[in-house]
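When you line the sequence shown up against numbering that gives the first Met the number 0, it's residues 0 to 299, in that order. By construction, the Cβ of each residue, glycine as well, lies at the ideal position given by its N, Cα and C atoms. Just so you know, these numbers come straight off a predicted model, no measurement behind them. Here's the structure, in structure tokens; my notes come after.
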Amino acid sequence: MASMTFQVFMQHLTNGISLGSLYALIAIGYTMVYGILRLINFAHGDIFMIGTYVAFYGVTLLALPWWLSFIVAIIFTCFFGMTVERAAYRPLRNSPKISVLISAIGVSFFIENLAIVVFGGRPKAFPIPPMFNKIINIGGVSIVSLTFYIPVITLLLLMGLVYFIHHTKTGMAMRAVSKDYEAARLMAIDVDKIISLTFGIGSLLAAVGGIMWGLKFPQLVPLMGVMPGLKCFIAAVIGGIGDIKGAVLGGFILGLGEIMLVALLPALTGYRDAFAFILLILILLVKPTGLMGQKLTEKV
């Protein structure tokens with residue numbers, strides 16, 4: 000086990016919170032879609048990648064100010080996610096679950112390969128605005144300013160999302176659809192519109208997460224969303240898939256666990272990605288519904 004000073008420990012802790020915030024933000028998208036459709040949207044990691052590339056090209060190709068490019072990328076990705084739902088999932092709404100699952104995997108492969116053709120396979124360097132790259136010294140600990148921005152942005156988006164779901168008519172409709180499609184239709188709720196909106200919000204969060212991921216790990220490749228997508232799915236399952244607060248909890252557990260594993264046991268650095276899968280197995284053995292998940296009752 001590696002020995003470390005308090006300053007080094009705090010450095011790792013802030014990095015863990017920053018990474019956990021990113022995982023949490025992307026995991027919310029998984030958990031929202033599952034909460035309403037009972038569907039794992041395997042294309043979520045690829046939607047995250049699309050948002051990052053759009054932001055990159057907005058700055059480099061169109062020469063937009065970074066903040067405008069990020070806003071355009073978030074809006075574009077939101078509509079892209081809604082388009083994916085309309086084209087790939089809505090026609091299979093009444094089909095067996097396995098058909099929808101196969102469609103989700105197919106969409107994921109399609110987006111990845113389309114990105115390779117359109118964007119090229121060569122890695123690209125994501126441009127980092129100066130305000131996200133400042134070094135801040137606190138008590139002898141040197142921390143990049145982005146490390147502070149990521150948890151704050153995640154917290155603000157989470158608070159906005161929770162308020163939206165629990166204090167607006169649309170949010171109430173989303174909760175109603177997640178409980179029972181048919182009953183929601185009888186209450187004059189446009190189920191298709193609500194599901195499309197859910198995909199849009201999930202994709203919006205994925206875009207924000209993707210942009211911050213690009214700022215933190217500034218190398219873009221078309222397959223960059225695969226491993227973060229898998230890890231964020233694991234984070235959602237660990238917290239209790241279908242529960243937004245559970246997804247956030249799972250994201251922080253995964254992010255902090257990964258960073259601390261490498262910090263305390265440097266010899267296991269090569270097994271960093273495996274940690275997520277081992278943790279998933281252990282959690283499912285102890286609590287199959289996840290830490291904050293509840294058992295679902297099947298209608299007969």
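Taking DSSP as the reference, what is the three-state secondary structure of Asn132? Coil at Asn132, not helix or strand.
Checking the sheet assignment: what are the DSSP bridge partners for Gln218? Beta-bridge pairing links Gln218 to Ala124.
Buried or exposed, going by whether 16 or more other CB atoms sit within 10 Å of the CB of Thr268? With fewer than 16 other Cβ atoms inside 10 Å of its own Cβ, Thr268 counts as exposed.
On a CA-only basis, which of Leu279, Leu156, Gly245, Ile135 is nearest Gly34? Give me that one, please. It is Gly245.
Give a yes or no on contact between the segment 107-121 and the segment 203-218, applying the rule of three or more CB pairs nearer than 8 Å. Contact check between the segment 107-121 and the segment 203-218: fewer than three CB pairs, one atom from each, fall below 8 Å, which does not count as touching.
Output the residue ranges of the alpha helix (DSSP H) runs that lie fully inside the segment 177-219 and measure 4 residues or longer, sorted by chain position. Qualifying alpha helix (DSSP H) stretches, in chain order: 180-185, 190-215.
According to the neighbour-count rule (16 or more other Cβ atoms, all chains shown, within 10 Å of its Cβ), is Thr4 buried or exposed? By the neighbour-count rule (16 or more Cβ atoms within 10 Å), Thr4 is not buried but exposed.
Pick out whichever of Gly15, Phe8, Ile46 has its Cα sitting closest to the Cα of Gly228. Among Gly15, Phe8, Ile46, the Cα nearest to that of Gly228 belongs to Ile46.
Backbone CA spacing between Gly199 and Asp191 [nearest angstrom]: Between Gly199 and Asp191, the C-alpha separation is close to 12 Å.
Round the Cβ separation of Ile237 and Leu204 to the nearest angstrom and send it over; I've been treating them as touching at under 8 Å. Not quite, the Cβ-Cβ distance comes to about 18 Å (not below 8 Å), so this is no contact.
Compute the Euclidean distance between the alpha carbons of Leu283 and Pro265, then round it to the nearest angstrom. Take the alpha-carbon of Leu283 and the one of Pro265: they are about 27 Å apart.
Going by CA-CA distance only, name the one from Ile188, Ile240, Met186, Ile258 that's closest to Ala26. When each option's Cα is compared against that of Ala26, the closest is Ile240.
Can you check DSSP and say which residues form a bridge with Ile142? Beta-bridge pairing links Ile142 to Ile135.
Member of Val285, Met9, Cys231, Gly249 whose CA lies at the smallest distance from the CA of Gly44: The shortest Cα separation from Gly44 among Val285, Met9, Cys231, Gly249 belongs to Cys231.
Taking the straight line between their C-alpha atoms, what separation do you get for Ile127 and Ile137? When rounded, the distance between both Cα atoms is 22 Å.
In chain order, which alpha helix (DSSP H) runs of at least 4 residues are fully inside the segment 220-272? Counting whole runs of 4 or more residues, the segment 220-272 contains the alpha helix (DSSP H) stretches 225-238, 243-263.
Using three-state DSSP, classify Ser94 as helix, strand or coil. Residue state, collapsed to three classes: coil.
Endpoints, alpha helix (DSSP H) assigned at Ile35: Looking at the DSSP string, the run of the alpha helix (DSSP H) that includes Ile35 is 5-36.
Where does Ile188 land, buried or exposed, given buried means 16+ other C-beta within 10 angstroms? The residue in question, Ile188, is buried, as its Cβ has 16 or more Cβ neighbours within 10 Å.
Using only CA atoms, which one of Ile233, Phe274, Leu255, Arg271 lies nearest to Pro287? In terms of Cα proximity to Pro287, the closest of Ile233, Phe274, Leu255, Arg271 is Ile233.
If you run the structure through DSSP and keep just helix, strand and coil, what is Lys168? It is helical.
DSSP-derived helix/strand/coil call for Glu297: Confidence in Glu297 is poor, its pLDDT being 49 and thus under 50, which makes the residue's placement too unreliable to answer from.
Quick check on this structure: which residue in Arg37, Phe41, Arg121 has the alpha carbon closest to the alpha carbon of Asn93? Ranking Arg37, Phe41, Arg121 by CA distance to the CA of Asn93 puts Arg37 first.
If I measure Cβ to Cβ from Ile258 and keep anything under 7 Å in the same chain, skipping five residues before and after, which residues do I get? Cβ within range, chain order: His11, Asn14, Gly15, Leu18.
Could you check what DSSP says for Asn40 in three-state terms: helix, strand or coil? Asn40 carries a coil assignment under DSSP once its states are collapsed to helix, strand and coil.
How big is the Cα-Cα spacing for Val117 and Met226? Computed Cα separation, rounded: 21 Å.
Report the option in Thr30, Arg271, Gly80, Gly254 whose CA atom is closest to the CA atom of Pro150. Relative to Pro150, the option among Thr30, Arg271, Gly80, Gly254 whose CA is nearest is Gly254.
Quick check on Ile291: does DSSP put it in helix, strand or coil? The amino acid occupying residue 291 in the given sequence is Met; Ile does not appear at that position. Looking at Met291 - three-state DSSP - the assignment turns out to be coil, as it is neither helix nor strand.
Applying the 10 Å Cβ sphere with the 16-neighbour rule, what's the burial state of Gly50? So Gly50 counts as buried.
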